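Asker: Sharing a structure here in structure tokens format.
Chains as they are written, first to last, in the UniProt record's numbering: chain C, 1 to 341; chain E, 1 to 341; chain V, 1 to 341; chain W, 1 to 341.
Right under this line is the structure:
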């Protein structure tokens, strides 16, 4: 069979491991021909692709990024493409397409699938917020990077008797904040799922100082926000280029904590270091297994599905389910985390 | 309630995270009193214990080892103790006992439980071979250490055009070999579950050299062994102190490969570095959740059980199930791994 | 002899290694008595100190921060203290004082020394900008953290075809930017010593894109600034609490590059992660040697000096020299770095 | 100018950084032409080489190993080549040759230089035992890997109340043992420069146990050996293939300590993980600077020299000096180390 593969959306550790696995399993397991489209769906529409053999994926398992490149594509252009789906398929003589990406990509994958393209998706997001799978690759690496940063920041916070606010990724779901906060032993974890009252954070800090612990570390997801009326400050400035800049929740919270507590508070915004670089062993294994099972799904004709982790098994989930709703941090996970602050 | 806690068996990253979590959840969630027995069951029998408060578990989350110590205890002595179980319980005024340990410890826990001790176990093994749980803490750290070593060894193997044999832990189950081999991109993975023929390893190496890849890395679990008749060498020497020494499968295999292939082969035995030191974020989270749920189980009266991971949930599994049989690497996992060699 | 020790100024990996080394060498080498003042000079003035024995420094070698705490002290208060120097010395029955700190601390140390206190200083700064020594401990750790971040950011920059600006520490000297930029393979390094023209950065980026490299990473020290007239933007906003906030050079530069290049630019401000956490092996060794030689200097009566690295030797440098002027990045080091962009 | 470059001898983190630096500096700084010989001097003799441009060294800075390959060459064959030196030079139209390697390579470089080849050497050894330079690249990485292993082993040693012997590289000089032992906080360091008495190690262990520290870690260089008459055991077995196997000093010492102390002792032999994989920031900077200065030396006509670190400067040292004698660990460095056991 002739299988196309592409990576779309943001950078995520493990993308190369999926590509490598698809190529190995396809070629050595089934004598498939694999072609890789460049820069996501753009390459598919613009005819930019290259054949992938074993040598072309040699040495990429441990490397971050994606050897195929990635780019965002306007939904409209993709919709037009979907209407021409059969044409695309014939052009490339594709027996199957394996797009690897996040919610946007999987929605696009579903659109193509509905239009007749034989698609098997592979979910990808460092945010871990795709419903149909227990975990996504990239998440473990992001949590690892954030945890190491928290480990380092604790000694600084302690020796300066400060409150340290660590802003991590997570616009809509607080998984990275939850797990890095638990792993790093943070004293507060703020997530998008649960609007916070800064006064609760202050109470925690005061309680710690009262029992002789002269510092605190608070992890806040970039998408966390104060409960209505609890933190009545203005929004960030819109600069001359139209960006709202320098005004993330981490910085806002540190200002607010300083004001209320009369203690030094500092913010570290981890940013892009969470999504680049070499994947953890966990993510390499998960990504490799996803690639393997995507090829198997192609050969079983299980189109319209994506690979998913359930317990210790890799299963296939309908693309429709995958993008139905985001997987949020449930209340009981927050309860667990808060009990060890 | 008054809850005793102890750690038994080999070192495992995450033990301190469990202890910390039990203490935090017990004290702040339920106003429990927690006492820690020293050196495992030995401390229980010999009356060595200390009260654990929040300060006593401060700063231990990221530390390897166990602040309570660990020691092996003869089965006979423990059996005698079980008969005196009610006495022990009254002596310490225990409402519950939380032993953290591997197969041996959980078997002992079950024995005490059957004898009337209110026990909730927490499984621990870097080998990941306990049946009733998807994963155990410590395993992710061990795999991470082994993977980093394989990453490093690959460049050495390549520049010296060598075969490199990496011996990892796993006496009865090959989980560490499987996952570190997949994550490190090994070209051969040998596990106890599947006796190997050294000729198959040689075939793989020859095939690689034939297509221009002038090195190979083989990961072998310490408990792996050749299929009968395939590697007719002698066993290791018994030295003057009665130890069988210097004769692990890794060294034996390298000698065999050199002989058959006429190429340099070298062995690295990772040994104890796999089981010490700071746990990964994954293991800290899992250990913390296990501790939390063990305390909840105590307060629900769910004795005779241990905590277990199923998918993303922590559940309770009967101790009887936990130790019924080892969790082996299944065939399909080996098939996945082999397809990306 | 009775030796006092204190740590002052900002957090720096390796402080605990110095403390441990002073205690070990003093006690086991010379039967000294060591006392540790808490929170830097504050503890000295306020009578807060504790005796340090071997057990009190057990397990701290690899830990960030300082077990003695640190705090800033107003110069005036210290000057008053200096006048009372003899009194302080008699109060604590000090035969010597070993202050560990940066430029401010060493200046204070010199003041005390001039006033008659028998002082041996130990230099400390992650910025590596103290003249009299080849290197200071903490610097290697900071460079290592920054380099790992750059490694990670490169894959993200590449897959998104972006310019990534990484802001590292260095208010007055660009050592961290220089070495992490070289080690990470950055394509531009901006330091306080050499005001930059953003157009030069743009030229480099354009040249890279012209030869097919679709990303660039620029490392900028927090104290770097544009040459006069080259980047005519406003300074940061002064917020309601009097802080100039969210307006570091990293963010300013990214805005400027986006405007000039018409390409996405993003900033990561590494911040405090550079100065906390476990020290590298290099820093542990250097810190340990500094502690050892400080004790030897005390016993030789070489007061008014500080320990310094020269080549592979630890020597003693007059405190006066140490604080005479900052050690800046010389031109030829920048030339070296720029040739491998 | 047309410059040849080659890497010879064992794997060493930083080799690729030198190659990259030579190519960048040569091409962008001097419009040189660079060719890389494959597999060390072998490629030079056998005519295997390839031109190196900027793209060919893209992305290699952080990678272990050498993109040029390395191989050992019999001295005799090289000597013959030296006699034909002028012929070799004309064949490749070489204006200069930059060999990167250890003692053997530098000796060969000197031989070629004496025979008329315009040579600038770059020293390389993880062992740090080359006289004319303060440090060599690769050493910092090796020490870092060993230190991390010791960090991990300490918790295991502690929870099992064991003596842990860690065997590190260093056949003739004990630098890795010295610095990793200091950085890891080992309780004994044994180096080739100072034959040891196992009874001294036992005394240290007993003293530790006596004051309540129930474990000890001893770092031993592979080339360390007992003082005459102190450890009268047999040498290792010679196996059927003529190798002396499984009998390193680490294993011998553990057996001896068990016998004398009646306590469990275990050995970990770190082996090849010390010499592979990504270099530390320190090594990348040093290697990059060596490459830069080698090219400058070529353009200054400073042949017959090698690059060397002196303090913070890169200088040129005569090849004759470089290989005159090994740089051994001096007594005072051992004294420093021993005072913090």
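For each residue, glycine too, the CB sits at the ideal point set by N, CA and C. This structure is a prediction, so every number in the text was calculated from the model and none was measured.
Counting along the chain, where does the alpha helix (DSSP H) carrying residue 298 of chain E start and finish?
Answerer: Residue 298 of chain E -> alpha helix (DSSP H) spans 281-300.
Asker: Which ranges does the alpha helix (DSSP H) cover as unbroken runs of at least 4 residues, wholly within the stretch 173-241 of chain V, from first to last along the chain?
Answerer: Counting only runs of 4 or more, we get 175-184, 198-210.
Asker: Starting from residue 127 of chain C, find everything on chain V with Cβ-Cβ shorter than 9 Å and list it in chain order.
Answerer: Per Cβ cutoff of 9 Å: no residues; residue 127 of chain C is ~15 Å from chain V at best.
Asker: Does any residue of chain W bring its CB to less than 9 Å from the CB of residue 140 of chain V?
Answerer: It does: the Cβ of residue 140 of chain V has a partner Cβ on chain W nearer than 9 Å.
Asker: Can you pull the chain W residues whose beta carbon is under 8 Å from the beta carbon of residue 149 of chain E, in chain order?
Answerer: In chain order: 273.
Asker: In the DSSP output, what is residue 49 of chain E paired with across the bridge?
Answerer: In DSSP, residue 49 of chain E forms a bridge with E:37.
Asker: For residue 77 of chain C, return the contacting residues in chain E, with the cut-off set at a CB-CB distance below 7 Å.
Answerer: Those do not exist, as residue 77 of chain C stays about 35 Å from chain E at its closest Cβ, beyond 7 Å.
Asker: Would residue 324 of chain C pass as a contact of residue 131 of chain C if the rule is Cβ separation under 9 Å?
Answerer: Cβ distance < 9 Å, so residue 324 of chain C and residue 131 of chain C count as in contact.
Asker: From the DSSP output, in three-state form, read off residue 265 of chain C for me.
Answerer: Three-state DSSP puts residue 265 of chain C in a strand.
Asker: With distances taken Cα to Cα, identify the nearest neighbour of residue 326 of chain C among C:107, C:55, C:48.
Answerer: Residue 326 of chain C has its Cα closest to that of C:107, out of C:107, C:55, C:48.
Asker: Check each candidate in E:21, E:170, E:86 and name the one with the smallest Cα separation from residue 56 of chain E.
Answerer: Comparing Cα-Cα distances from residue 56 of chain E to each of E:21, E:170, E:86, the minimum goes to E:21.
Asker: Using the DSSP secondary-structure output, state which residues sit across from residue 82 of chain V in a beta bridge.
Answerer: Paired residue(s): none; residue 82 of chain V is not in a bridge.
Asker: Under DSSP, the alpha helix (DSSP H) around residue 152 of chain W begins and ends at which residues?
Answerer: From DSSP, the alpha helix (DSSP H) with residue 152 of chain W extends over 139-160.
Asker: With DSSP as the reference, label residue 317 of chain C as helix, strand or coil.
Answerer: In this structure, residue 317 of chain C counts as strand in the three-state DSSP scheme.
Asker: For residue 76 of chain E, is the classification buried or exposed, using 16 other Cβ atoms within 10 angstroms of its Cβ as the cut-off for buried?
Answerer: Residue 76 of chain E should be labelled exposed.
Asker: Would you check if the distance between the CB atom of residue 170 of chain V and the CB atom of residue 191 of chain V is smaller than 9 Å?
Answerer: Yes, the Cβ-Cβ distance between residue 170 of chain V and residue 191 of chain V is below 9 Å.
Asker: Cα separation between residue 24 of chain W and residue 157 of chain V?
Answerer: Spanning the two alpha carbons is a distance of roughly 22 Å.
Asker: How is the beta strand (DSSP E) around residue 306 of chain W delimited, first residue to last?
Answerer: Element bounds for residue 306 of chain W: 305-310.
Asker: I want to know whether the stretch 59-70 of chain V touches the stretch 150-168 of chain C - three or more CB-CB distances under 8 Å.
Answerer: Contact between the stretch 59-70 of chain V and the stretch 150-168 of chain C is present, because at least three Cβ pairs lie under 8 Å.
Asker: Under a three-way DSSP split, which group does residue 258 of chain V fall into?
Answerer: Looking at residue 258 of chain V - three-state DSSP - the assignment turns out to be helix.
Asker: At a CB-CB cut-off below 8 Å, which residues of chain C make contact with residue 66 of chain V?
Answerer: Near residue 66 of chain V (Cβ distances below 8 Å), the residues of chain C are 159.
Asker: Name the one or two DSSP bridge partners that residue 99 of chain C has.
Answerer: In the DSSP output, where bridge partners are listed per residue, residue 99 of chain C has C:6.
Asker: State the CB to CB distance for the pair residue 125 of chain E and residue 12 of chain E, rounded to an integer number of angstroms; the pair is presumed to be in contact (CB under 8 Å).
Answerer: Between residue 12 of chain E and residue 125 of chain E the Cβ distance is about 7 Å, and since that is below 8 Å, they are a contact.
Asker: How many angstroms separate the CA atom of residue 312 of chain C from the CA atom of residue 51 of chain W?
Answerer: Distance between the alpha carbons of residue 312 of chain C and residue 51 of chain W: 49 Å.
Asker: For residue 111 of chain W, return the contacting residues in chain V, with the cut-off set at a CB-CB distance below 7 Å.
Answerer: Residues of chain V passing the Cβ test: none, with the nearest at roughly 29 Å.
Asker: I'd like to know if residue 200 of chain C contacts chain V, where contact means its C-beta is closer than 9 Å to some C-beta of that chain.
Answerer: Not one chain V Cβ lies under 9 Å of residue 200 of chain C.
Asker: Got a sec, what are the start and stop residues for the beta strand (DSSP E) residue 336 of chain W sits in?
Answerer: Taken as a continuous stretch (DSSP letters only), residue 336 of chain W belongs to no beta strand (DSSP E), being part of the alpha helix (DSSP H) at 331-338.
Asker: Cβ closer than 7 Å: which chain E residues qualify as neighbours of residue 269 of chain W?
Answerer: In chain order: 269.
Asker: To which residues of the same chain is residue 251 of chain C closer than 7 Å at the C-beta, ignoring the five residues directly before and after it?
Answerer: Excluding positions up to five away in sequence, the list reads 267.
Asker: Identify the continuous alpha helix (DSSP H) that holds residue 323 of chain E and give its terminal residues.
Answerer: Premise fails: residue 323 of chain E is in no alpha helix (DSSP H) and is neither H nor E.
Asker: Tell whether a beta-carbon distance below 9 Å holds between residue 27 of chain V and residue 291 of chain V.
Answerer: Going by C-beta atoms, residue 27 of chain V is not nearer than 9 Å to residue 291 of chain V.
Asker: Pull up the distance between the alpha-carbon of residue 114 of chain W and that of residue 331 of chain V, whole angstroms please.
Answerer: If you take the alpha carbons of residue 114 of chain W and residue 331 of chain V, they lie about 35 Å apart.
Asker: Can you tell me where the alpha helix (DSSP H) with residue 22 of chain C in it begins and where it stops?
Answerer: Segment 15-24, the alpha helix (DSSP H) holding residue 22 of chain C.
Asker: Can you name, in chain order, every residue of its own chain whose Cβ lies under 6 Å from the Cβ of residue 142 of chain E, other than the five neighbours on each side?
Answerer: So the qualifying residues of the chain are 126, 176, 274.
Asker: Buried or exposed for residue 232 of chain V, going by 16 or more other Cβ atoms inside 10 Å?
Answerer: Its Cβ having fewer than 16 others within 10 Å, residue 232 of chain V is exposed.
Asker: With a threshold of 6 Å on Cβ separation, who are the neighbours of residue 288 of chain E within its own chain once the five nearest residues in sequence on each side are excluded?
Answerer: These residues qualify, in order along the chain: 17, 21.
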